[in-house]
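J.:
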Amino acid sequence: MDRIDPAISLEQILDKAENNRFLSKNEIIYLLGIEKEDELQRIYEKARELRNRHFGNKIFLYGFVYFSTWCRNDCAFCYYRKSNEGSKRYRKSNREIMDTVMGLTESGVHLIDLTMGEDPKYYMNSSGFKPLFELIADIKSQTKLPVMISPGLASEENLTKFQAFGADWYACYQETHNEKLFNILRLEQSYEERFQSKLKANAAGLLIEEGILTGVGETPGDIAHSMECMRYLGANQVRVMSFVPQSGSTMESWPQAPRGQEIKIIAILRLVFPDKLIPASLDIDGVEGLQERLDAGANVITSIIPPEAGLAGVAQCSKDINEGYRTVQGITPVIEAMGLRKATTAEYRAWVDSEKSKTAMKWQKSGAVI
Ligand code: SAM
Ligand code: MD0
Ligand code: SF4
Numbered sequence: 004m005d006r007i008d009p010a011i012s013l014e015q016i017l018d019k020a021e022n023n024r025f026l027s028k029n030e031i032i033y034l035l036g037i038e039k040e041d042e043l044q045r046i047y048e049k050a051r052e053l054r055n056r057h058f059g060n061k062i063f064l065y066g067f068v069y070f071s072t073w074c075r076n077d078c079a080f081c082y083y084r085k086s087n088e089g090s091k092r093y094r095k096s097n098r099e100i101m102d103t104v105m106g107l108t109e110s111g112v113h114l115i116d117l118t119m120g121e122d123p124k125y126y127m128n129s130s131g132f133k134p135l136f137e138l139i140a141d142i143k144s145q146t147k148l149p150v151m152i153s154p155g156l157a158s159e160e161n162l163t164k165f166q167a168f169g170a171d172w173y174a175c176y177q178e179t180h181n182e183k184l185f186n187i188l189r190l191e192q193s194y195e196e197r198f199q200s201k202l203k204a205n206a207a208g209l210l211i212e213e214g215i216l217t218g219v220g221e222t223p224g225d226i227a228h229s230m231e232c233m234r235y236l237g238a239n240q241v242r243v244m245s246f247v248p249q250s251g252s253t254m255e256s257w258p259q260a261p262r263g264q265e266i267k268i269i270a271i272l273r274l275v276f277p278d279k280l281i282p283a284s285l286d287i288d289g290v291e292g293l294q295e296r297l298d299a300g301a302n303v304i305t306s307i308i309p310p311e312a313g314l315a316g317v318a319q320c321s322k323d324i325n326e327g328y329r330t331v332q333g334i335t336p337v338i339e340a341m342g343l344r345k346a347t348t349a350e351y352r353a354w355v356d357s358e359k360s361k362t363a364m365k366w367q368k369s370g371a372v373i
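Numbering (my numbering), first residue to last: 4 to 373.
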């Protein structure tokens with residue numbers, strides 16, 4: 004059981020966050036235990052205040068292209084795990100991907116997130132990733148947008164190449180930083196290797212995103228520990244997503260994670276990482292769930308997917324996609340009604356550039372060769 008220190012108060016914690024001081028593990032656990040509505044509202048208010056301090060009313064929008072749903076892994080929570088015979092699989096060609104990317108770019112997203120299962124076709128040998136390198140270079144030259152890659156585990160050599168071909172971000176979520184739980188969730192994968200891949204990516208000049216799942220059997224102490232690990236990594240974007248049970252996965256009959264927990268964690272992430280990017284993913288509750296995530300201090304909307312391209316989501320393979328709700332057009336009224344606005348592409352690029360130069364300085368100081 005995680006013990007709560009009786010000397011801690013909400014007042015004191017909010018004050019610390021206000022003054023840019025990192026919260027202790029016990030303080031994070033304390034916040035996670037808060038249930039009273041008025042106290043929760045105070046946390047969300049502080050989260051919004053900190054977001055506004057660092058980002059004003061700007062919101063960043065990420066286009067999501069899940070271009071291959073084939074996977075060599077068997078993650079217990081995932082619809083696309085290799086042993087799920089019922090899952091819909093596809094692998095898009097570079098040409099098809101490029102069409103989607105151009106459509107997303109015209110619609111006004113600020114970044115292209117290229118995501119795949121650990122598709123054996125790419126992982127097969129050292130030249131397997133070549134089409135992805137070429138795709139990144141094409142996207143960069145044709146759209147000039149920042150690119151995130153979410154390919155799963157990547158070797159140092161491939162990470163360096165992703166960067167050299169123009170990728171800006173590497174996303175790879177640990178899901179939990181409790182190694183025992185990791186081994187239950189990400190079956191037969193190495194905790195250490197996955198964690199280290201993010202440090203290697205960062206040293207190679209890529210910004211990094213770290214993420215956790217909630218509702219998978221983690222404790223408040225695990226969540227607080229994850230935040231410490233995110234800080235250790237120097238993650239530039241940090242996320243939490245509620246586990247959504249998937250048919251055909253080992254966890255198919257697990258209960259739905261209560262959404263309040265994800266919202267609370269988003270707000271705590273904002274208190275702990277006031278100047279970092281925190282996504283509100285459309286993958287969990289679609290557009291309907293957007294406002295409460297932004298109200299909790301998120302400042303990026305992820306998983307914008309064009310309709311009619313035959314593309315899937317990750318946690319929800321079809322939610323709101325064909326209806327066309329998960330588009331820039333679909334989410335714009337929601338953010339405007341909240342007094343927020345879409346950032347410009349130049350504003351997003353400026354943030355990425357400044358974060359990259361801070362990262363480069365950090366690694367130079369540490370003596371690592373980039
Ligand atoms: N295959 C790559 C990998 O696993 O790193 C890239 C895909 S990654 C974007 C898939 C992410 O979606 C997982 O890391 C997990 O956080 C999230 N996810 C997968 N299944 C989920 C589910 N059932 N509920 C909520 N999130 C899920
Ligand atoms: C999202 N479905 O943002 C995406 C995905 C991968 N980099 C991101 C989890 O919700
Ligand atoms: Fe594969 Fe990623 Fe799903 Fe795990 S989470 S089964 S690595 S697609």
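All residues carry an ideal CB built from backbone N, CA and C; glycine is no exception.
Please go through the region 8–49 and give each complete alpha helix (DSSP H) segment of 4 or more residues, from N-terminal end onward.
T.: Segments of the alpha helix (DSSP H) lying fully in the region 8–49: 13–21 and 28–35.
J.: Go ahead and pull the three-state DSSP assignment for Thr330.
T.: It is coil, neither helix nor strand.
J.: Express the C-alpha separation of Lys279 and Glu121 in angstroms, rounding to a whole number.
T.: Cα to Cα, Glu121 sits roughly 27 Å from Lys279.
J.: Please determine whether the Cβ atom of Gly292 lies at a distance below 7 Å from any heavy atom of the ligand MD0.
T.: It does not: the Cβ of Gly292 is nowhere closer than 7 Å to a heavy atom of the ligand MD0.
J.: Closest to Arg273 by CA distance: which of Leu26, Thr347 and Ser12 is it?
T.: The candidate whose alpha carbon is nearest that of Arg273 is Leu26.
J.: Could you spell out the range, first to last residue, of the beta strand (DSSP E) harbouring Pro282?
T.: Residues Pro282 to Ser284.
J.: Please work out which residues of its chain come closer than 6 Å, Cβ to Cβ, to Lys203, disregarding the five sequence neighbours upstream and downstream, and give them in chain order.
T.: Only Glu159 and Leu162 meet the Cβ criterion.
J.: Comparing alpha-carbon positions, which option in Asn87, Ala207, Arg92 and Glu182 lies nearest Met364?
T.: Nearest C-alpha to Met364: Ala207.
J.: Thinking Arg98 and Thr72 are a contact (beta carbons under 8 Å), I'd like their distance in whole angstroms, please.
T.: Not quite, the Cβ-Cβ distance comes to about 18 Å (not below 8 Å), so this is no contact.
J.: Just to confirm the assignment, what range does the alpha helix (DSSP H) spanning Ala140 have?
T.: Unbroken alpha helix (DSSP H) run through Ala140: Lys133 to Thr146.
J.: Kindly examine the ligand SF4 and report whether one of its heavy atoms sits closer than 7 Å to the Cβ of Arg296.
T.: It does not: the Cβ of Arg296 is nowhere closer than 7 Å to a heavy atom of the ligand SF4.
J.: By alpha-carbon positions, which one of Gly342, Ala340, Glu311 and Val317 ends up nearest to Gly2?
T.: Nothing can be reported for residue 2: it is not among the residues displayed for the chain, which extend from 4 to 373.
J.: Taking Gln177 as the reference, give the member of Tyr125, Glu255, Phe58 and Cys232 with the closest Cα.
T.: When only C-alpha atoms are compared, the closest one is Cys232.
J.: Can you tell me the Cβ-Cβ gap for Phe246 and Ala227, rounded? I've got them flagged as a contact below 8 Å.
T.: The Cβ separation is near 18 Å, so there is no contact.
J.: May I ask you to list the residues that DSSP assigns as paired with Ala174?
T.: DSSP, once it has assigned bridges, lists Glu212 as partnering Ala174.
J.: Does Thr103 pass the burial test, meaning 16 or more other C-beta atoms within 10 Å, or should it be called exposed?
T.: Result: buried.
J.: Does the Cβ-Cβ distance between Ile304 and Ile100 come in under 8 Å?
T.: Result no, Cβ atoms of Ile304 and Ile100 do not sit closer than 8 Å.
J.: Measure the Cβ-Cβ separation of Leu17 and Arg45 and say whether it is below 8 Å.
T.: Cβ distance < 8 Å, so Leu17 and Arg45 count as in contact.
J.: For Asp286, I'd like the list of residues in its chain whose CB is within less than 6 Å of its CB, leaving aside the five on either flank, ordered along the chain.
T.: Excluding sequence neighbours, Asp286 sits near Ser306, Gly316, Val317, Ala318 and Gln319.
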